[in-house]
Amino acid sequence: MTAPPLHTETKPLLEIRDLEKRFPISRGMFRSPTEFVHAVDGISFDIAPGESLGLVGESGCGKSTTGRMLVKLMEPSSGHIIFRDGDYERDVADVPRSGIKDFRSRVQMIFQDPYESMNPRRTIFDTVSEPLAVQHVGTIPEREERVLDLLRLVGLTPPENFLFRYPHELSGGQRQRVAIARALVMNPTFVVADEPTSMLDVSIRISIMELMTQLGRELGVSYLYITHDLAVARYMCDRIAVMYLGKIVEIGPTEEILARPKHPYTKALLSAVPVPDPSYRRTPVEIKGGISKAINPAPECRFIQRCPFAGEVCEENVHPPLEQRGEDHFVACYRVEEIERGEVVPH
Amino acid sequence: MSVSQPARTDPEVEDGGVAGLVADDLTAGKGVSATPIWRVRLRLMRRSIVQNWALFRENKMGMVGLGMIAFFALMALSHPILMSTVWDPAIYDPVEGYDAVLTEYTVVEGEVTDPATQIDLQTARLERNPTIDAGDVITIPTQPAAPTVSGENPHYLGTDVRGRDILSQLLYSTRAAFFLGAVAAITTVLIATTIGSVAAYFGGWIDGGLMRFADLILLMPLLPLLIVMSAAFDINMVMLGVLIGLLNGFGGVAIVLKSQALSIKVKAYIDAAKVAGGGDWHVIFRHIVPNVLPLTFLYMMFGVTEAIALEATLSFFGLLNVPMTWGVMINSAQTAGYLLSGFSYWWLLFPAGLAVSFLAFAFFIVGRGMDEVINPRLRAR
Amino acid sequence: MTTSLENLETRQIDPTKPLLEVDDLIMRYKIKAGEVSAVEDVSFTVHQGEAVGLVGESGCGKTSIALSLLRLLPSNAEYVSGEIRLNGEDLLQLSDPQMRSRRWKDIAMVFQGAMNSWNPVYRIGDQIRETLDTHYRGEMSYDEQRAHMERLFTSVGLPPQMLDRFPHEFSGGMRQRAVIAMALACSPELIIADEPTTALDVIVQDQILKELKRIQRELGMSIIYISHDIAVIAEVTDSIGVMYAGKLVEYGATSEIFARPKHPYAYLLLRSTPSITGPRRILAPLEGEPPDLLNPPTGCRFHPRCPFATEKCVVDEPPLADIGGGHRVACWHYDQVPDLEEALVR
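These protein sequence lines map, in sequence, to chains U, P and V.
Mapping to the numbering used here: the first sequence position 123 is 123, numbers consecutive.
Mapping to the numbering used here: the second sequence position 245 is 245, numbers consecutive.
Mapping to the numbering used here: the third sequence position 180 is 180, numbers consecutive.
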């Protein structure tokens, strides 16, 4: 299976091909598992250099698992993640033990919970300089200088005041700034951000989002931005990929997806998002039931149970491939055109 | 690399005591500390100790326990001082000393009406010589002797069955108790922290193997095992400490610390450390162990309690190769048949028995006090 | 979805009649370091059949208000002054047993985090039955209780046979539905919903909010929604109160406040909320951090972060004054705050 091609001429920073992650459901100690949760089920996409891609979906759709595989916190069950950074080109799954530190200096991660992503017993200096320390970069005074630079960069000024504080002495917003500093300390080219603002208050959320966008642009960092919040994704991402039960069902430029969603699931997701305007009337959500788990899923479309447009073609074929339905806009649905033309009514 | 970012100053941060402390050490603008990092760290460590002490101090039981431990420490320290100053080693040495306390007896024929002052003719002849007759007054060294506060060599807590000073033995044994407690506790902690953290971090067969072994040790009855081992081998204090530490550390404490380590392993900062490039051992020793450590200290306290109690039990049965401990004191009273004598020979049993109980109790309540510092949930509002 | 409210008691409502009146409520927590002024001088009225929203960021005192209304505060909390009147009766004057009997019957609560509101070892039905037992001792037979619970479950869109299941067998959304059924068990006049959908996915959130709205309309109940999510509040409420650092800074009709927020904090909060509709506008971040309620700022509590602040704001505390049409604002310079529409179109 090939991934939807990118509009850019340059080679993509990341090529994800048929990525799969299955978790065995263990049934006792000596029996080999027969059931698997297909958390990520053969997804393919590219990320261009400097691009920010949003991975959107409900909890359990596999978006975090994908992010963790990209930073090598988890090994894929199968598939390839080709990562290119200048002359560096590797399949993330095949990075040998000796090359892991090199890889770690190029790919970093920002975590969701600013209260849990820092060791409470280590100072801000220890936290931010950890990548430098474990990779033996520079002397201690050099590391200190670098940490001070970064704290200044993420807006913690004067940085001297933060250097030897503990995480619990900082507010949530300040901690998330520290987390960003830690992610950027090695000058990475690619950062996975897993819901970095979902635990923050609205007023602080915007400044963190702005900071990430600005630093991404100025330092040439690409993001994979994992979120359940489409409104946040709209402000952070150039493109959005919508995931449902381990599959990407729709991928395309952010404003295009928000304005002209094509997959029935994306449509439902968008019409379910509350709008901060009491006079606005949303279109009613048309799908039924709740999300389930992809345990040994049937080969047909993952969304078939909840889809109001499901028909024979969906039952008889395997999960639909991503097909181009607009400029850079790809949808995995057999009935897109029929739905567009109004030939099928929801049932 | 320069990014213009509006300066965000937080009023809360600027006037904080610590911030002030640290900022003083940094030359403004230059960026690098004027003070070397290890000194800043030392100050941070001192501050955290001060803070924890302030928390601990609020716990009354803990403070009582600490007071009791301090008292025992004074007792341990006083022994060598007393031996080299006021106490004559020949008399007061806890193991080799001997003081003949003489008692006058009137030799009577027939019934002895007062065993403290009278002795019957037959016993007196057996004891001294056949020439003694009824009506004579003889002096016999008596052991154990009741406490005396006057005289040339006063025995404030009396003497034992072999004429040795009980107070001297008591003070001397305090040192042994501390020593044993320390050895056992440190061994427990080293073993349990390593086993617990490694099992939790690696999981899989390493975890399975270590934990089954821990279960095995936990299931083994500790006391009978120690009795058998001390009967088979010549066990001294250090060996006993290490043995108790090993059994404790491999068993229950390792299981508790593993579950604590498991709760830390799933924290996002462990993932963050891996993404930073940290290897397995970096993550274990820099992130998991320091966060298990407070609980470790707690079990160290309980470990001391257990070691002291176990030593007393084993010595009571006379199974250890140790010259003098509280347990040995009770054992010598027991072997001489004074165990069931009740209150009439109280100095043989009570000083050592109470010392064992109190020191064990002191460490236990200090542990409970520390528990409240470590677990904010237990803290009263 | 087969839901029916026909069999549940519906109330005749008079939307002009006040149901709950909160007057000058001051509540503080005593901690070692001093007094935390968690709720400071808060007044608002909930009318019959009205849905009121309280919005604010974490630590602004909105949950403290909810717990105050139910008198479920921790032991170190102290009501300094004020009245909470339900149908004219001051709840703060009631004895503890009196309050206990009111608690589920007159005011019920839907807590945040539905998993924690159920005991995992009992069937959901048995847990609802326990509530019925407490409030209708001897008045309902076993079969009547069962019938009532089945009606409750049907009315929140759950199959009645789910009553015999354990909490872990429910999905997040179903659990929250069951929590709502539990809240309806004694047909209260007022439901307090504290972040009722925070942990849920958007599609489930949408279903739950719709359910709550429908139940409220059809049963003639009043609901107080408490949330940090302005978009959620915008959709389900008639009136909203914006809270900042323990104080109510703005109160009024939802449509009015969203169109013309007059308090700088409310204005900035709305400006910093991203939306998926409308043009992609510039979001304004709120500078600084919320204040420490141990030592709240003098004068207006928002002045350190307020772009409109003057000397007066540092010294004098602005009252919550009516600026017409029941729209109340606590700000000296509310007339300088621009209309949101203008600012956004720019």
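Backbone N, C-alpha and C define an ideal beta-carbon position, used for all residues, glycine too.
Taking 4 residues as the minimum length, the alpha helix (DSSP H) runs contained wholly in the region 204 to 237 of chain P are 204 to 219, 222 to 232, in order along the chain. The C-beta of valine 275 (chain U) comes closer than 9 Å to at least one C-beta of chain V. For serine 58 (chain V), the chain U residues whose C-beta falls within less than 8 Å of its own C-beta are Asp201, listed in chain order. Residues of the region 192 to 209 of chain P with a C-beta less than 8 Å from any C-beta of chain U: none at all. According to DSSP, threonine 305 (chain P) shares a beta bridge with no other residue. Segment contact: the region 236 to 245 of chain U against the region 45 to 58 of chain U, three or more CB-CB distances shorter than 8 Å; contact assigned.
Contact between the region 257 to 277 of chain P and the region 109 to 116 of chain U is present: 3 or more CB-CB pairs across the two stretches fall below 8 Å. With a threshold of 9 Å between beta carbons, isoleucine 140 (chain U) makes contact with chain P. Its chain contains Asp165, Ser168 as the residues whose beta carbon lies nearer than 6 Å to that of tyrosine 92 (chain P), once the 5 sequence neighbours on both sides are disregarded; these appear in chain order. Here the alpha carbons of aspartate 234 (chain P) and valine 356 (chain P) stand approximately 23 Å from one another. With a threshold of 9 Å between beta carbons, glycine 67 (chain U) makes no contact with chain V. As computed with DSSP, glutamine 118 (chain P) is found in a beta bridge with P:Thr106. The shortest C-alpha to C-alpha distance from histidine 228 (chain V) to any of V:Cys60, V:Glu311, V:Leu20 is the one to V:Cys60.
Arginine 90 (chain U) and arginine 217 (chain U) have their C-alpha atoms some 24 Å from each other. Distance between leucine 25 (chain V) and glycine 246 (chain U), taken at the CA atoms: about 50 Å.
Residue state for glutamate 211 (chain V) is assigned as helix, using DSSP reduced to three classes. When beta bridges are read from the DSSP output, lysine 247 (chain V) appears opposite V:Tyr244. The C-alpha of alanine 276 (chain P) lies about 15 Å from the C-alpha of glycine 138 (chain U). It is roughly 38 Å from the alpha-carbon of leucine 224 (chain U) to the alpha-carbon of isoleucine 374 (chain P).
The region 226 to 244 of chain V and the region 42 to 60 of chain V touch, with no fewer than 3 CB-CB distances between them shorter than 8 Å. Classified as exposed, proline 36 (chain P) has fewer than 16 neighbouring CB atoms from the shown chains inside 10 Å of its CB. Nearest in C-alpha terms to valine 256 (chain P), of all of P:Met370, P:Ser197, P:Gly62, is P:Ser197. An exposed status is given to glutamate 104 (chain P), since fewer than 16 other beta-carbon atoms sit within 10 Å of its beta-carbon.
Chain V has a Cβ within less than 9 Å of the Cβ of tyrosine 280 (chain U). Using a Cβ-Cβ cut-off of 9 Å, asparagine 119 (chain U) counts as an interface residue toward chain P, since at least one Cβ of chain P sits closer than that to its own.
Between glycine 204 (chain P) and valine 304 (chain P) the beta-carbon gap is near 34 Å, outside 8 Å, which marks them as no contact.
Distance from the Cα of proline 253 (chain U) is smallest, within the candidate group U:Thr123, U:Gln174, U:Arg22, U:Arg234, for U:Arg234. Between alanine 181 (chain U) and valine 154 (chain U), the gap from beta carbon to beta carbon is short of 9 Å. Among the residues of the region 245 to 278 of chain P, those with a Cβ less than 8 Å away from any Cβ of chain U are Lys267, Ala268, Tyr269, Asp271, Ala272, Ala273, Lys274, Val275, Ala276, Gly277, Gly278, in the order of the chain.
Of all residues in the region 54 to 86 of chain U, those with a C-beta nearer than 7 Å to a C-beta of chain V are Glu58, Ser59, reading in chain order.
When C-beta distances to chain U are compared with 9 Å, the residues of the region 279 to 299 of chain V below that value are Arg280, Leu283, Ala284, Pro285, Leu286, Glu287, Gly288, Glu289, Pro290, in chain order.
In the structure shown, glycine 241 (chain P) falls within a helical segment according to DSSP collapsed to helix, strand and coil. Take phenylalanine 71 (chain P), set aside five residues on each side of it, and no residue of its chain has a beta-carbon closer than 8 Å to its own. In the three-state DSSP reduction, phenylalanine 111 (chain U) falls in the coil class, being neither helix nor strand.
Counted as a single uninterrupted DSSP element, the alpha helix (DSSP H) harbouring methionine 329 (chain P) occupies residues 326 to 335. In the three-state reduction of the DSSP assignment, alanine 193 (chain U) falls in the strand class.
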